[in-house]
Structure formats: C-alpha cells, structure tokens
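Right, one structure below, let's go through it.
Below, the structure written as structure tokens:
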C-alpha cells in the first residue's frame with residue numbers, strides 16, 4: 001500500500017524553524033519531526049488534556065475517554081496508517097498528539113461559550129488556539145516564545161481539515177509571522193491525522209456511550225456498518241458474552257475504517273497522478289479519506305451519535321451548565337481583570353486584555369474551571385452524578 005516516496009514529508013528537506021536554535025543545547029539522534037513530537041509530549045498544554053472533556057464533562061468514572069486519551073488513540077491509528085502508506089510517522093504522530101491542544105474546558109460546549117463571551121475581541125476557535133499555544137503561550141525556551149515547531153508541523157496543525165478560507169484573528173496573527181500557505185491543502189501526514197481523528201471519536205464515543213447507558217444497542221444495530229460487523233463477530237465467536245462482543249465491535253469498526261482509508265487514499269493518489277508533496281498541496285481535494293460507500297455509512301453513524309448521545313437530555317443538561325461556568329468566568333475576568341494571576345494582567349487593557357482572558361480561561365482544565373467558578377462566582381452542579 002506504499003505511496004510514491006516523494007509524497008512523504010522528509011525531515012532532511014524540512015523548511016526548518018522560525019527561530020534559530022544554535023544555542024539550544026544537545027539534540028542527540030532525533031530529526032526535526034521527532035523533536036517536534038517530543039516538544040508536544042513535554043508541553044504543559046498536553047498534560048492538561050488529562051482533565052479536559054471529550055464527551056463527558058469532568059467524569060468521575062475511570063473508564064471514560066478524556067482529551068488526552070483521545071489524542072493518544074488518534075496517534076495510534078494515524079501512525080499505523082502512515083507506516084502502511086510510507087508517510088512520515090513522526091510528523092503524523094506530532095499532528096495527532098497536538099491537534100486538540102487548543103480545546104478549552106468542557107469541549108465544544110466550552111468553546112461555544114467562550115467564543116460568544118469574547119466575540120467583541122475576535123472570539124475563540126480551538127484550532128487557531130492550538131497554533132497560538134505552540135507559537136506563543138508555551139514558553140520553555142529562553143530565547144523565544146512558543147515551542148518553535150517546524151514549518152511542516154505548524155502547517156499541518158493549521159489546516160489538517162483542509163485549506164483555511166476564513167482566518168480567525170489568532171490564525172491570521174500566526175500566519176503573518178510565518179506564511180503557512182493557508183489556501184493550499186496540507187501534507188498527507190496532516191490529512192491522515194485528520195481522518196484518524198474521525199475514526200477515533202466515532203468509535204470511542206460508541207464505546208463510552210454504551211458503557212454509560214446512553215446508547216441503546218438495539219438502535220445502534222440498525223446502522224448497516226454496525227449490524228454487518230456485529231453479525232461477523234457472532235459468526236467467528238458463537239455465544240460470545242455481550243460485553244466482549246461490544247469490545248470486539250469497536251475494534252472491528254476501527255479496523256474496517258482504517259482498511260478503507262488505506263485503499264481509498266492509495267486509489268486517489270494513483271488517480272490524481274500525485275508524486276510530490278507540492279502535488280499533494282495543489283491537488284485541489286483531500287487525498288486521504290473514506291470511500292464513498294464507507295463515507296455514507298460513517299455519516300449515518302455520526303448522525304446517530306449526535307441524536308442519541310451528544311444531544312441526549314443527560315448530556316444537554318451538563319452542557320448547559322458547562323457553558324454557564326465558562327461564560328461566568330469570562331465575564332468575571334472582564335469585569336475585574338485584577339482577578340487574573342499577575343502574569344496574565346495587561347497594562348494596555350482593551351482587546352489585548354480580553355484576548356489574554358481567552359487564553360487563560362481556554363487553558364483551564366474542567367476541574368480548575370469548576371474550582372475557579374466556585375471561588376469567584378458561586379456553586380457549580382458539575383460533574384454529572386452518573387459520569
């Protein structure tokens with residue numbers, strides 16, 4: 001299934017880093033993409049993902065996914081596909097591990113609330129915030145702000161979902177400092193990371209939803225892809241216990257989706273005559289993705305999850321409370337910036353201070369946001385008792 005060697009990112013021909021690192025100390029045997037990956041893993045923002053919502057807000061249960069475990073699952077799937085296709089595994093892994101660094105507390109519910117609360121300062125977008133974190137907010141080095149990632153890593157994080165036609169203020173700011181060619185398609189490594197994100201959350205949300213009792217297995221079995229794989233498991237393992245069969249279902253769905261993406265990506269690359277990375281960027285379409293048949297089934301699964309899981313009354317109640325917490329925190333800091341830690345207070349005030357509030361609140365974990373709300377505003381009815 002290997003693709004033409006010229007379409008893979010090559011560390012030896014990387015466009016390098018924005019800031020020279022001649023005085024950064026020993027580097028050892030790692031190439032530029034390996035060092036990118038390690039910088040993500042050792043960052044504060046990556047560690048915070050341990051306590052940030054994936055589906056369930058601040059879950060009490062030990063068995064539910066959070067942003068950190070989700071990112072690890074994405075990286076596992078993406079690295080497997082990169083190896084099969086002959087792409088650069090280290091860059092693919094870097095993008096997978098880092099793609100959700102910009103998520104605020106409480107997932108998309110928190111993002112919507114923070115975006116609305118700070119709309120007059122440009123709002124908040126988690127993808128652009130990821131770029132802001134790795135270029136500005138993480139400060140482990142003495143000579144510059146940010147992690148000083150390679151151009152290829154920044155490009156992949158900025159546009160792993162495709163060309164960026166509408167730039168938020170944070171994305172525009174980063175792009176002005178170093179042109180990420182936002183109007184073109186990203187590397188195949190970035191495209192593989194993006195489709196791996198879909199595969200991971202489709203399947204672990206099924207797993208977590210069933211475990212939490214929010215999804216009904218009989219309803220889930222009405223979906224063709226689920227029904228087909230469920231029957232195949234029974235054929236292979238007659239009389240298998242329901243819980244084991246459920247675990248096998250998730251594994252088999254991941255496997256089926258991965259195999260489909262590998263075959264479809266190989267087909268698209270061959271059909272397009274793509275032979276170099278520049279060809280990938282100018283292809284005018286995503287080259288890594290599902291076949292039409294599986295895409296239709298995957299979209300059906302997504303609709304089911306939105307209706308039965310994300311839109312369930314139990315999660316909707318929690319989501320509204322989470323949005324209230326984020327909105328109240330943003331307003332509390334707007335009204336009295338002196339409540340911020342000294343390093344986050346800006347003498348200039350105005351828009352700069354508001355954007356710093358977005359950085360501060362956006363960087364909070366679920367439990368830190370709950371604690372700060374209880375200290376500054378009042379009680380919080382989170383987490384939900386069931387989770």
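In the numbering used here, the protein residues as written are 1 to 387. We treat Cβ as the ideally placed atom computed from N, Cα and C, and that holds for glycine. Just so you know, these numbers come straight off a predicted model, no measurement behind them.
- Excluding residues up to 5 positions away in sequence, 121 lie with their Cβ nearer than 6 Å to the Cβ of residue 355 in the same chain.
- Sorting 320, 146, 273, 225 by C-alpha distance to the C-alpha of residue 255 places 225 at the top.
- In this structure, the beta-carbon distance from residue 158 to residue 363 does not fall below 9 Å.
- DSSP places residue 134 in the helix class (H, G or I) of the three-state scheme.
- The beta carbons of residue 201 and residue 54 sit closer together than 9 Å.
- In this structure, residue 49 sits near residue 103, with a CB-CB distance shorter than 9 Å.
- The beta carbons of residue 14 and residue 177 sit about 18 Å from each other, so the pair does not count as a contact at 8 Å.
- Linking residue 205 to residue 84 through their CA atoms gives a straight-line distance of about 26 Å.
- Taking residue 173 as reference, the option from 257, 330, 133 with the minimal CA-CA separation is 133.
- The Cβ neighbour count for residue 179, taken over all protein chains shown within 10 Å, is under 16; the residue is labelled exposed.
- Cβ-Cβ distances below 6 Å link residue 109 to 319, 322, 323 in the same chain, with the five nearest sequence neighbours on each side left out; the list follows chain order.
- In the DSSP assignment, residue 54 falls outside any alpha helix (DSSP H), carrying neither H nor E.
- Judged by their CB atoms, residue 12 and residue 92 are not nearer to each other than the 9 Å cut-off.
- Residue 198 has its alpha-carbon roughly 11 Å from the corresponding atom of residue 73.
- Residue pairing from DSSP places residue 150 in a beta bridge opposite 17.
- By the CB criterion at 9 Å, residue 36 and residue 90 fall inside the cutoff.
- In the structure shown, residue 164 adopts coil according to DSSP, grouped into three states.
- DSSP lists 53 as the beta-bridge partner residues of residue 66.
- Counting along the chain, no alpha helix (DSSP H) covers residue 102, and no H or E run does either.
- The region 280–296 and the region 254–271 touch, with three or more beta-carbon pairs separated by less than 8 Å.
- Counting along the chain, the unbroken alpha helix (DSSP H) around residue 233 starts and ends at 224–236.
- When the five nearest sequence neighbours on each side are left out, the beta carbons in the same chain lying within less than 7 Å of the beta carbon of residue 339 are those of 332, 333, 376, in order along the chain.
- Looking at the backbone, the Cα of residue 221 and that of residue 316 are separated by about 24 Å.
- In this structure, the straight-line span from the alpha carbon of residue 281 to that of residue 3 is close to 15 Å.
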